[in-house]
Ligand code: PMH
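Structure representation (structure tokens):
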């Protein structure tokens, strides 16, 4: 019989909820009490699992959640999350009733969007809005003072709408050169000062800004990457005011172990050739799991010992060079700690020539997530069994 919440392949990601809690509490203690924490749980909580991360963040002191799209907010509501949720990205004006009915806060940055939305809303609908200002990110947001004044008037004149927040997003808060950051910050202050009524929430800081620039706290910050225990950029690692604890780890098991002789080949293209008698182990994880081909040559851990991936990474499997024979079933750690050795998300990001944000996001939902608290499994999520 198949069991729900179970999986039948020896590859999984572990999500340490105690570390999420510690990271949120770390920021909570770092900030003045009046500054609220908006936990950014878009993209399935950066690949960690939206509902588990949301619940943990809320119990550790976050008061608001943020996602990129309305669908993500609805998914959280379906899973029983009742906390306020802000959709940071654009929603379609024809969908505003769905947001209103589920008490989901939307982002607005165009007057004509709002006019279309007003035509869709019923008389009794109530919709909370945060106005997005583009102070230099060049993505979405109001850039001109006149447009802001017109938009504010439209909102204030409609009693179905509540202007609950105003925000912007920094493009360089994680860089050592703070010039552009301060330009954006000044523009934000200038635009906010034009508002006739100050909304309840004024927020602009992402993780990097919340860790580095107290003056940009206003009364809420949006915590993403640091909640997952990852530093926003390697440059600011030395500036961290408290240690971050990495939440995500990735594991597999040897499914086949064999001895190759000098000249024997491994994987597609037959590009790897044994130089002598060698032990090669196969693990059931590949590029369809987000363990991309660029990670060829990356090391993994067995018993705290590093050993390299050899030959090309396949869709569902890859091979590692073992120092000696190991039994089938031996655990292999691709990201995380084993004995006294660590393979960090940053190490994988560097090898893949990308940023740490991207790594847990691209570990696909074919990889089950196991949730741990106090070292014990408290939940398992296997998306492909749904
Ligand atoms: N607010 C907005 C509007 C964002 O887009 C993000 C992250 C955050 C807050 C959280 O930032 P942090 O994870 O650095 O704390 N957005 C993205 C993005 O669009 N690409 O990478 C990160």
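In my numbering, the protein residues as written are 252 to 637. All C-beta atoms, glycine included, are put in the ideal place defined by N, C-alpha and C.
For the alpha helix (DSSP H) holding residue i, just list the boundary residues, first then last.
i, result
"residue 322", "321 to 329"
"residue 632", "Here residue 632 belongs to no alpha helix (DSSP H); instead the beta strand (DSSP E) covers 627 to 632."
"residue 271", "268 to 281"
"residue 303", "301 to 310"
"residue 341", "Segment: none, residue 341 is in no alpha helix (DSSP H) and carries neither H nor E."
"residue 371", "362 to 371"
"residue 612", "609 to 613"
"residue 463", "458 to 463"
"residue 543", "Per DSSP, residue 543 belongs to no alpha helix (DSSP H) and is neither H nor E."
"residue 403", "396 to 407"
Who are the near neighbours of residue i in its chain, counting only those whose CB is closer than 7 Å to its CB and skipping five residues on each side?
i, result
"residue 579", "505, 506, 507, 508"
"residue 523", "516, 517, 561, 562"
"residue 581", "504, 505, 553"
"residue 287", "314, 315, 470, 471"
"residue 291", "317, 473, 474, 475"
"residue 376", "348, 351, 411"
"residue 567", "535, 537, 539"
"residue 493", "277, 281"
"residue 371", "344, 345, 347, 348"
"residue 615", "539, 540, 541"
"residue 409", "369"
Locate the beta strand (DSSP E) running through residue i, then write down its first and last residues.
i, result
"residue 441", "Where residue 441 is concerned, there is no enclosing beta strand (DSSP E), although the alpha helix (DSSP H) it sits in stretches over 430 to 443."
"residue 601", "It is not in any beta strand (DSSP E) - residue 601 instead sits in the alpha helix (DSSP H) that spans 596 to 602."
"residue 471", "471 to 474"
"residue 559", "556 to 561"
"residue 576", "First-last for residue 576: undefined, no H or E at that position."
"residue 504", "499 to 504"
"residue 318", "315 to 318"
"residue 290", "287 to 291"
How about residue i: is its Cβ closer than 6 Å to a heavy atom in the ligand PMH?
i, result
"residue 420", "yes"
"residue 339", "yes"
"residue 476", "yes"
"residue 607", "no"
"residue 291", "yes"
"residue 483", "yes"
"residue 563", "no"
"residue 457", "yes"
"residue 602", "no"
"residue 544", "no"
"residue 438", "no"
"residue 260", "no"
"residue 473", "yes"
Return the chain-ordered list of same chain residues with a C-beta closer than 6 Å to the C-beta of residue i, the five sequence neighbours on each side being excluded.
i, result
"residue 431", "423"
"residue 536", "262, 503, 542"
"residue 388", "420, 422"
"residue 272", "307, 311"
"residue 342", "321, 357"
"residue 633", "258, 619"
Applying the 10 Å Cβ sphere with the 16-neighbour rule, what's the burial state of residue i?
i, result
"residue 551", "buried"
"residue 604", "exposed"
"residue 445", "exposed"
"residue 427", "exposed"
"residue 301", "buried"
"residue 434", "exposed"
"residue 468", "buried"
"residue 322", "exposed"
"residue 368", "buried"
"residue 635", "exposed"
"residue 453", "buried"
"residue 201", "Past the edges of the chain, shown from 252 to 637, lies residue 201, and the structure says nothing about it."
"residue 397", "exposed"
"residue 303", "buried"
"residue 425", "buried"
"residue 450", "buried"
"residue 556", "exposed"
"residue 267", "buried"
"residue 338", "buried"
"residue 589", "buried"
For residue i, which residues of its own chain have a beta-carbon under 8 Å away from its beta-carbon, when the five flanking residues on both sides are left out?
i, result
"residue 670", "Lying before the first or after the last residue shown, residue 670 is absent from the chain, which here runs from 252 to 637."
"residue 407", "414, 447, 448"
"residue 486", "425, 426, 427"
Residue i CB to nearest chain C CB: under 7 Å?
i, result
"residue 341", "Looking for chain C here will not work: only one protein chain is present."
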